[in-house]
Each structure stands twice: as structure tokens, then as C-alpha cells.
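Novice:
Number of protein chains: 2
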Amino acid sequence: MPPEDFEALLQSFKALADETRLKLLGILAMREYSVEELAALLHLKAPTVSHHLARLKELNLVGMRTEGTLHIYRLNVEALRDTSKGLLSSEKMASLVHDVEGDAFERKVLKDFFEGTRLKEIPASRKKRSVILQWLAQQFEPGVRYSEAQVNEILQRYHPDSATLRREMIGEHLLQREQGSYWRP
Amino acid sequence: MPPEDFEALLQSFKALADETRLKLLGILAMREYSVEELAALLHLKAPTVSHHLARLKELNLVGMRTEGTLHIYRLNVEALRDTSKGLLSSEKMASLVHDVEGDAFERKVLKDFFEGTRLKEIPASRKKRSVILQWLAQQFEPGVRYSEAQVNEILQRYHPDSATLRREMIGEHLLQREQGSYWRP
DNA sequence: CTTCTATATAGATAGAAATCTAATTAGATA
DNA sequence: TATCTAATTAGATTTCTATCTATATAGAAG
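Chains as they are written, first to last, in the working numbering: chain A, 67 to 251; chain B, 67 to 251.
#1: Could you work out which residues of chain A lie near Leu82 of chain B, taking near to mean beta carbons separated by less than 7 Å?
#2: Residues bridged to Val128 of chain A by DSSP?
#3: Under 8 Å between beta-carbons, which chain A residues line up against Trp201 of chain B? List them in chain order, please.
#4: The beta strand (DSSP E) that contains Glu244 of chain B, what's its start and end?
#5: Look at the Cβ atom of Gln204 of chain B, then the Cβ atom of Leu141 of chain A, and state whether they are nearer than 9 Å.
#6: So what does DSSP say about Leu110 of chain B, is it helix, strand or coil?
#7: Where does Ser191 of chain A sit, in a helix, a strand or coil, going by DSSP?
#8: Please check the pair Phe179 of chain A and Ile198 of chain A, which I expect to be a contact at CB under 8 Å, by giving their CB distance rounded to whole angstroms.
#9: In this structure, how does DSSP classify Leu153 of chain A when only helix, strand and coil are distinguished?
#10: Quick one: what's got a C-beta closer than 8 Å to Leu125 of chain A's C-beta in the same chain, skipping five residues either side?
#11: Should Ser213 of chain B be labelled buried (16 or more other beta-carbon atoms within 10 Å of its own) or exposed?
#12: Any idea what DSSP makes of His164 of chain A, helix, strand or coil?
#13: Should Ser191 of chain B go down as buried or exposed, given a rule of 16 or more other Cβ atoms within 10 Å for buried?
#14: Does the distance from the C-beta atom of Leu153 of chain B to that of Leu153 of chain A stay below 9 Å?
#15: Give, in chain order, every residue of the region 122-155 of chain A whose Cβ lies closer than 8 Å to some Cβ of chain B.
#16: Give the secondary structure of Phe206 of chain B by DSSP, where H, G and I count as helix, E and B as strand, and everything else as coil.
#17: Hey, quick one: how far does the beta strand (DSSP E) through Arg211 of chain A stretch, first residue to last?
#18: Label Leu75 of chain A either buried or exposed according to how many other C-beta atoms from any shown protein chain fall within 10 Å of its C-beta, with 16 as the threshold for buried.
#19: Step through the CB atoms of chain A and report whether any lies within less than 9 Å of the CB of Leu176 of chain B.
#20: Where do the N-terminal and C-terminal ends of the beta strand (DSSP E) with Tyr224 of chain B fall, by residue?
#21: Among the residues of its own chain, which have a CB less than 7 Å from the CB of Ala215 of chain A, if the five just before and after it don't count?
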């Protein structure tokens, strides 16, 4: 759930989203190799391979042992299995929504009362209703003046009872009214 | 196994290896949204969001319906689940080794005797068996000491007859034993 | 100690990809 | 029909990253 998770997930995908690194994993699935051997197999220079191996090692997807001056890399099978399992579990999915604005309560209310783009109902609780009204307020451009008909039309995209919604929004000063025209302050 | 698979796998990872696209999936996990709404939530311009949605749609990770001129996107939960399951299955791993040169005999033996991650059988020919045993040896971290139970557990991931495999590995000095604990030299 | 070899690190470059603005398409409205 | 809005497409810009060359480190060999 925490933002670290999001970052870790993103880094995992980035590590795997590269042709060379995927090939490295495939090659190392056969057996262990030194950096030079890998470079030869991939037709790349040693520093390039070294760089990729370092990235895979950060995530613990490969391990390394030294033999004299040789650095011999191998696949870390368990880590790879764990990674692949955990990549897109549904718990992770929930965690993806983190630094999108809004707090947890707000998100929950929106989730509960919206069915697609339509409001299932207007919440009875003042606190929840307030969340919905604030969300609706965002559908109006600040500074623009709307006729009552326009306000109704916008609100009706979300719920048939635009009159109630409009009245409540005025009550919470989310919309203001003067001479029959409305605007968002 | 074919190269198309490799390419598809790479494309899947690339699609998911982007902060904005991951956030989109997270947001859409809550409920469906129009392009404009998503752009507002992410503080991005509509064309940018449109571009990312198109990429996710290519992989069928999101779906879209139109409502007037609005294009309303939603998460394709099943596709996401399938994708996450299939991303790093061991059958895929085996397929990663495709256009890499290297010891042809060794590759052929591994290809012939592995079915996904499981050994179809233990080769009768000494030479082929040796290739398999060496591959299995790579599954052990050098220097780490394993109990017999741990050794069996690891070997049984690949073949039920862990006892034979363990004995043969000792015989080829791929594993060593002392006082009931095993290690890879 | 010097030299050679295998890796790693630093810095430069080039190619890919994300984002933006501007122009285009398609549906809704007057 | 003309106009407005939402979305996409095209093209330009900028940011990131894979790769290279050159340099530094660390162990092996003379």
C-alpha cells in the first residue's frame, strides 16, 4: 500500500522492460556466465553488460561470485519467481492509487457512490455528501459564468436531481449565484 | 518459445514500466473515467493521457466506451490478471533463450529434457545427464550450506526423484556433503 | 614491483520515449 | 448549416537511458 511499494513496482518493471536485460535473464537461466562471456553472446561491450547486470543485481534477480578476477553471474531463481508472482497482485493494484490527489476517505466515498460516471444516490451523511459536492464542483471551470440551465445540464450528467445538487452546492459555497448566473469561486 | 513471445513479453513490460501508465491503471481500478478527468487527476494534458491509454488499450489492459463525445475508459480486470500471471512464468523464461549463440549441444539437451520448469526425465546418457546436473547445480548458491531437506525441496521443483539427482550430483562433485549438510563448491 | 587481464566507474553520445502545442476528426447543440 | 466540445493524431521538444570510449581498480602472473 505505501508509496514505497509503488516505486518498487515501477522499478521492477523498468528493470525487466529492456531487451538486453531480458536476454540476460534468459541466458543465465541456462547456467552461470562471466561478464566477458555474456558480452560476447550479446555482441555488446563489457561495460554495457556490467551496467545491466548491476541493475538486475539491485533487484536481487541475479547473484554474483568472484573467481579470481572473473565475476560470475547467475540467475536468482527464487527472487525471479517471487517477483513475477507479486508484480501485479490485486493488493498491489489498490496500492497504485497513492499520490493521486484526495485522501482515503474521499476515494472511498467516490468509489461507493459512483457507478461508472453516474451517481448511484446522493449520500445522506453530511460528510459524504460534501465529498460528492466538492467533486461535482470540479466539473465547473473556475471563473466561468453558467446559466441555471447549464448548471443543471452538467449536474444531470451525474444525477437526475440536479435541483437538489445545485441547492446544496450553493449552501456549501461551492457555487455562487447572482442575477440568475452561477460561477465557481 | 518462439521469438514472437519474447517480443510480446518485452512489450508487456514496457507498457507497465511507466509511472503515468501505472497510475492510470491504479486510478481506473477505482472506477471508469473520461480522458479529461484522467488528465486533471494526473496534471497532464489530454493528448498525453490519450497516448498512454492507447498503449494500454493495445495490450487490452483497458477498455473504452463512448458516451456522446466522451471516451470513457475502464480497467480490464481479467486481462490484467492474466497478464500478471503470465509475465514471468518459467515457460516464458525458457523461451528467453532464443537467438543467443553458445553451446549448441547443451542448449539442445536442456530444451529436450525440460518441459517448462520440470524435467521430463533424467537422461540415461552420461553426457546428457551431466548437462542437466550442471544446470541443477546452478540452482544452489555457492558457499551456502543446505540441509538435506532443503536440497530435496529445491531438486523436487524440477523432478520428483530428488534422491537420485542428489546422489548423482555428489558423484560428479557438483555438490559436496559433510555431517549431513550440503554445499556447492 | 611491474604488468596483464577482467570488471567496474565516469563521462559523452545517440536513440527512444514522454510530454507539449497545434491541427484534425467526430459527435452534440444551437 | 455552423459551432462547440472532447478526443485523437501529427510534429516538435525535452528528458531519459542504453551504449560506447576512456579511465580506474583489483587480482593474477611474471
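Cβ coordinates follow ideal geometry from the N, Cα and C atoms, glycine included.
Specialist: Reading from the atomic positions:
#1: Translated into the one-based positions of the second sequence, residue 82 of chain B becomes position 16. In chain order: Phe79.
#2: In the first sequence, residue 128 of chain A corresponds to position 62, counting from 1. Val128 of chain A is bridged by DSSP to A:Leu141.
#3: Position 135 of the second sequence holds residue 201 of chain B. Correct list: Met96 and Arg97.
#4: Position 178 of the second sequence holds residue 244 of chain B. Bounds of the beta strand (DSSP E) holding Glu244 of chain B are Gln242 to Glu244.
#5: Along the second sequence, one-based indexing puts residue 204 of chain B at 138. Along the first sequence, one-based indexing puts residue 141 of chain A at 75. Yes, they are a contact pair.
#6: The residue labelled residue 110 of chain B in the question sits at position 44 within the second sequence. DSSP places Leu110 of chain B in coil when its eight states are reduced to three.
#7: Looking up residue 191 of chain A in the first sequence gives position 125. Looking at Ser191 of chain A - three-state DSSP - the assignment turns out to be coil, as it is neither helix nor strand.
#8: On the first sequence, position 113 is the one that residue 179 of chain A refers to. On the first sequence, position 132 is the one that residue 198 of chain A refers to. Taking C-beta atoms under 8 Å as the contact rule, Phe179 of chain A and Ile198 of chain A qualify, at a distance of about 6 Å.
#9: By one-based count along the first sequence, residue 153 of chain A stands at place 87. DSSP places Leu153 of chain A in coil when its eight states are reduced to three.
#10: Residue 125 of chain A sits at position 59 when you count from the first residue of the first sequence. Here the set comprises Gln77, Ser78, Ala81, Ala145 and Thr149.
#11: The residue labelled residue 213 of chain B in the question sits at position 147 within the second sequence. With fewer than 16 other Cβ atoms within 10 Å, it is exposed.
#12: As a working note, residue 164 of chain A is residue 98 in the first sequence. Note that His164 of chain A scores 49 on pLDDT, short of 50, meaning its location in the model is unreliable and no value can be drawn from it.
#13: As a working mapping, residue 191 of chain B is identified with position 125 in the second sequence. Sixteen is the threshold: since fewer than 16 other Cβ atoms of the shown chains lie within 10 Å of the Cβ of Ser191 of chain B, the residue is exposed.
#14: Start at 1 with the first residue of the second sequence, and residue 153 of chain B comes out as number 87. Start at 1 with the first residue of the first sequence, and residue 153 of chain A comes out as number 87. Between Leu153 of chain B and Leu153 of chain A, the gap from beta carbon to beta carbon is short of 9 Å.
#15: Cβ contacts with chain B: Gly129, Arg131, Arg140, Leu141, Val143, Leu146, Arg147, Thr149, Ser150, Leu153, Leu154 and Ser155.
#16: By one-based count along the second sequence, residue 206 of chain B stands at place 140. Here Phe206 of chain B sits in coil by DSSP.
#17: Mapped onto the first sequence, residue 211 of chain A falls at position 145. Counting along the chain, the unbroken beta strand (DSSP E) around Arg211 of chain A starts and ends at Arg211 to Ser213.
#18: Numbered from its first residue, the first sequence carries residue 75 of chain A at position 9. The residue is buried, with at least 16 neighbouring Cβ atoms inside 10 Å.
#19: Stepping through the second sequence from its first residue, residue 176 of chain B is reached at position 110. So, interface residue.
#20: Walking along the second sequence from the start, residue 224 of chain B turns up at place 158. Counting along the chain, no beta strand (DSSP E) covers Tyr224 of chain B, and no H or E run does either.
#21: Within the first sequence, the letter at position 149 stands for residue 215 of chain A. There are no such residues.
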